[in-house]
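Input: a single structure, listed below in structure tokens.
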Amino acid sequence: MVDEGVPARHGVDMDVATELLKEWGYSFLSGSWVPLAGDGSDRRFFRFFDEDRSYVVLVSPRKKEPVDENDAVWHIGRHLDRVGVPVPTVLHGDPRRGVFVFRDLGSVHLYDLARNRASGTDLLALYRQAVSLLAQCHRKAREGFLSQWCHDGSRYDSGFVYERELLYFQRAFLQGFLGLEHIPKDVDGDFRRLAEKAGEDRGALVFHRDFQSRNLMVCGGSLWIIDFQGMRFGPPEYDLAALLLDPYVMLPVAVRDDLLRFYRHQTEHFLGHGEQPFVTRFGAVALCRCFQCLAAFAFLGGVKGKPGFLEHIAGGWIRLQELLNGPAGSDFPHLRRYVNRLAADTKTTARIRDAHRAGFPPG
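Just so we're aligned, residue 959 is where the sequence shown starts under my numbering, counting upward by one.
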């Protein structure tokens, strides 16, 4: 998922990619390149066939200095592989020219399996694997992780939370999608308090920031993490919230509760959190994650012309109301009342109900 403030890349040069792959020793046959569906960004992915083997090629022209997203892909990807976090191995890469070759993990995501599972037991077992992987990532990734690898800020602090998640929600969802003109001052006050609570300094802990079902691949009976270039220092509970509250899957409450307990058991020995601090931190970052998701769905679907994201707004809206009307929303009464008023408004309901259409419903 992307943020509104990240500019699009332009001028994908396939000649550069072809030249580099030849330099790295790959051969070319007819039909070697097969475009793959991308994520919410403007990067381009291909499956590349070299004789009897296949690879995934990322083409991502550099867009800024001194540290670009390509640098994060290169350094963080190799770091995670080195410390034993399962990610697709970067076989070759040129961050300056924006071409990378990865091990091919196939085309099955956790999302695909979760959406096709009828058995609640199977779903729980599948997601327990994902939570175990998340705990492994949080334990190992911090070992030697360097701030200079991060291309978009190295810390999830209050300023980042307010600007890149809460103001993003206001601009992209409340104003852009729902057509609201302004946000009441008392609601903005709650947003600022939420930013302070969610963005507390967590020291050397790191997190993925988009750990959800479409960013987990299934290959060889195991789960693998992709889209790790947004990793930074910050709250590991955010990743758990992203997985459990994922609007793409909408896990049942009983499954979510079991997985939350399972994560706490898996991480107690190195995170050292008591129950109440964990619950408080989880609630704050879970709210922020919901705001960020709704903003991204609205922006990608309505502004970037990717209507497939619009259908998930309804799920994200449900998750946000659940959180605000539970313990997590108790410290933000103005925000809770504001969202509840919007939820009761027929215009809001109609827009969200029709969000699966290509583009926004008529105003």
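Just so it is clear, CB atoms sit at the ideal spot from N, CA and C, and this is done for glycine as well.
Predicted, not measured: the structure shown is a model, and the values here were computed from it.
I'd like the list of long-range same chain contacts for residue i, defined as Cβ closer than 8 Å, with 5 residues on each side in sequence excluded.
{"i": "Ser990", "result": "Phe1006, Phe1007 and Asp1008"}
{"i": "Leu1278", "result": "Leu1245, Cys1248, Phe1249, Leu1252 and Val1297"}
{"i": "Gly1134", "result": "Ala1256, Phe1257, Gly1260 and Val1261"}
{"i": "Arg1036", "result": "Val1048"}
Below 8 Å between beta carbons: does that hold for residue i and residue j?
{"i": "Phe1058", "j": "Thr1047", "result": "no"}
{"i": "Phe1228", "j": "Leu1201", "result": "no"}
{"i": "Ala1242", "j": "Lys1143", "result": "no"}
{"i": "Leu1268", "j": "Gly1259", "result": "yes"}
{"i": "Leu1082", "j": "Val1207", "result": "no"}
{"i": "Val1045", "j": "His1109", "result": "no"}
{"i": "Leu1163", "j": "Gly1192", "result": "yes"}
{"i": "Gly1157", "j": "Phe1131", "result": "no"}
{"i": "Ala1256", "j": "Ile1276", "result": "no"}
{"i": "Arg1040", "j": "Leu1016", "result": "no"}
{"i": "Leu1174", "j": "Ala1088", "result": "yes"}
{"i": "Tyr1085", "j": "Leu1209", "result": "yes"}
{"i": "Leu1293", "j": "Leu1300", "result": "no"}
{"i": "Phe1290", "j": "Arg1151", "result": "yes"}
{"i": "Trp1107", "j": "Ala1030", "result": "yes"}
{"i": "Tyr1196", "j": "Phe1165", "result": "yes"}
{"i": "Leu1091", "j": "Ile1184", "result": "no"}
{"i": "Ile1124", "j": "Thr1306", "result": "The question names Ile, but residue 1124 in the sequence shown is Leu. Contact: no."}
State buried or exposed for residue i, treating a residue as buried only when at least 16 other CB atoms are found within 10 Å of its CB.
{"i": "Ser1018", "result": "buried"}
{"i": "Met1189", "result": "buried"}
{"i": "Met972", "result": "exposed"}
{"i": "Ser1065", "result": "exposed"}
{"i": "Ser1105", "result": "exposed"}
{"i": "Gln1187", "result": "buried"}
{"i": "Asn1074", "result": "exposed"}
{"i": "His1096", "result": "buried"}
{"i": "Leu1138", "result": "exposed"}
{"i": "Ala1302", "result": "exposed"}
{"i": "Asp1080", "result": "exposed"}
{"i": "Asp1148", "result": "buried"}
{"i": "Val992", "result": "exposed"}
{"i": "Arg1222", "result": "buried"}
{"i": "Gly1321", "result": "Reliability of the predicted coordinates at Gly1321 is poor, the pLDDT of 44 falling under 50, and the value obtained from them is presented with this limitation in mind. Flag for Gly1321 reads exposed."}
{"i": "Thr1304", "result": "exposed"}
{"i": "Val1014", "result": "buried"}
{"i": "Val1211", "result": "exposed"}
{"i": "Asp1159", "result": "exposed"}
{"i": "Asp1010", "result": "exposed"}
Is DSSP giving residue i helix, strand or coil here?
{"i": "Ala975", "result": "helix"}
{"i": "Gly1157", "result": "coil"}
{"i": "Trp991", "result": "strand"}
{"i": "Trp1134", "result": "Trp is not the amino acid found at residue 1134; the sequence shown has Gly there. Three-state result, Gly1134: helix."}
{"i": "Gly1287", "result": "helix"}
{"i": "Asp1146", "result": "helix"}
{"i": "His1050", "result": "strand"}
{"i": "Ala1313", "result": "coil"}
{"i": "Trp982", "result": "coil"}
{"i": "Ile1141", "result": "coil"}
{"i": "Thr1304", "result": "helix"}
{"i": "Gly1263", "result": "coil"}
{"i": "Arg1322", "result": "Past the edges of the chain, shown from 959 to 1321, lies residue 1322, and the structure says nothing about it."}
{"i": "Gly969", "result": "Low per-residue confidence applies at Gly969: pLDDT is 45, beneath 50, and the placement is therefore not dependable enough to give any value."}
Near residue i, what residues of its chain come up, given a Cβ to Cβ distance below 7 Å and the 5 sequence neighbours on each side ignored?
{"i": "Arg1055", "result": "Val974 and Leu978"}
{"i": "Gly1042", "result": "Lys1098"}
{"i": "Ser1180", "result": "Pro1044"}
{"i": "Arg1172", "result": "His1067, Tyr1069 and Tyr1206"}
{"i": "Gly1111", "result": "Phe1118 and Arg1190"}
{"i": "Ala1199", "result": "Phe1240, Val1243, Ala1244 and Arg1247"}
{"i": "Gly969", "result": "Interpretation of Gly969 is limited by its pLDDT of 45, a score under 50 that renders its predicted location unreliable; the figure taken from the coordinates is listed afterwards. Counting only Cβ-Cβ distances below 7 Å, and skipping sequence neighbours, we find Pro1019."}
{"i": "Leu1038", "result": "Val1045, Ala1099 and Phe1186"}
Enumerate in chain order the residues of its own chain whose CB-to-CB distance from residue i is below 6 Å, with the five nearest sequence positions on each side excluded.
{"i": "Leu1049", "result": "Val1059"}
{"i": "Ala966", "result": "Caution is warranted here: a pLDDT of 38 is assigned to Ala966, below 50, making its placement in the model unreliable, and the coordinate value is therefore given only provisionally. Contacts found: Asp1000."}
{"i": "Glu1027", "result": "His1109 and Gln1187"}
{"i": "Gly1051", "result": "Trp1032 and Phe1058"}
{"i": "Ser1012", "result": "Arg1005 and Asp1062"}
{"i": "Pro1053", "result": "Asn1028, Asp1029 and Trp1032"}
{"i": "Pro1194", "result": "His1096, Leu1163 and Phe1165"}
{"i": "Lys1264", "result": "Leu1258"}
Just checking residue i against the ligand HEM - is the residue's beta carbon closer than 7 Å to any of the ligand's heavy atoms?
{"i": "Leu1071", "result": "For the structure depicted, the ligand HEM is absent and the ligand set is empty, with no information on it obtainable."}
So, does the CB of residue i fall closer than 8 Å to a CB anywhere in chain B?
{"i": "Ser1105", "result": "Absent here is chain B; the protein component of the structure consists of one chain."}
| task | Kindly provide the ranges of any alpha helix (DSSP H) runs that are 4 or more residues long and lie completely inside the segment 1160-1238, ordered along the chain. | result | 1194-1202 and 1211-1229
| field | Segments assigned alpha helix (DSSP H), at least 4 residues, entirely inside the segment 996-1045 | value | 1027-1041
| said: For a minimum of 4 consecutive residues, which ranges assigned as the alpha helix (DSSP H) are wholly contained in the segment 1057-1130? | reply: The qualifying runs are 1068-1074, 1078-1098 and 1116-1119.
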